[in-house]
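Notes to accompany the following structure.
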Amino acid sequence: MKPKLVRRKDRVTDALHAARAVVEEGIVPGGGVALLYATKELEKISKANEDEKIGVQITKNALKVASNAGVDGSIIIRKLTEREDLSLGYDAAKKGDYVDMIKAGIIDPVKLI
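Counting from 206, one number per residue, gives the positions in the sequence shown under the numbering used here.
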């Protein structure tokens with residue numbers, strides 16, 4: 206098979222898997238926003254010992270990586286976490302725009318998160 210056809214077939218296969226995942230478990234706001242908001246839930250986890258505290262902190266730090274599109278990720282994180290709207294996110298394609306990710310069509314299947 207020609208490389209172009211292989212890539213096209215792979216894209217179709219990926220799209221089918223994503224569509225099936227959406228049907229099975231639903232969607233969340235994309236672009237990493239769901240993971241960012243998940244860090245708020247980590248605060249609620251009881252940390253019985255120092256190892257658990259370190260584990261939660263490592264997970265929080267990993268989930269807060271947001272340096273996309275050449276913009277300072279810490280600014281994006283601060284603006285998003287100050288708001289209560291869990292669908293709000295930064296649209297990297299439209300630099301500077303904070304949008305409702307679901308309405309903008311920027312979504313991720315829950316199963317893949």
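Glycine included, every Cβ here is placed at the ideal spot set by N, Cα and C.
The region 212 to 219 and the region 283 to 292 do not touch, with fewer than 3 CB-CB distances between them shorter than 8 Å.
With a contact defined as Cβ atoms closer than 8 Å, V233 and D305 miss out at about 13 Å.
Along the length of the region 229 to 274, whole alpha helix (DSSP H) runs at least 4 residues long occupy 238 to 247, 255 to 268, reported in chain order. Excluding the 5 residues flanking it on each side, K316 has same chain C-beta neighbours closer than 7 Å at A226, E229, E230, in chain order.
Taken through DSSP and simplified to helix, strand or coil, I282 comes out as helix.
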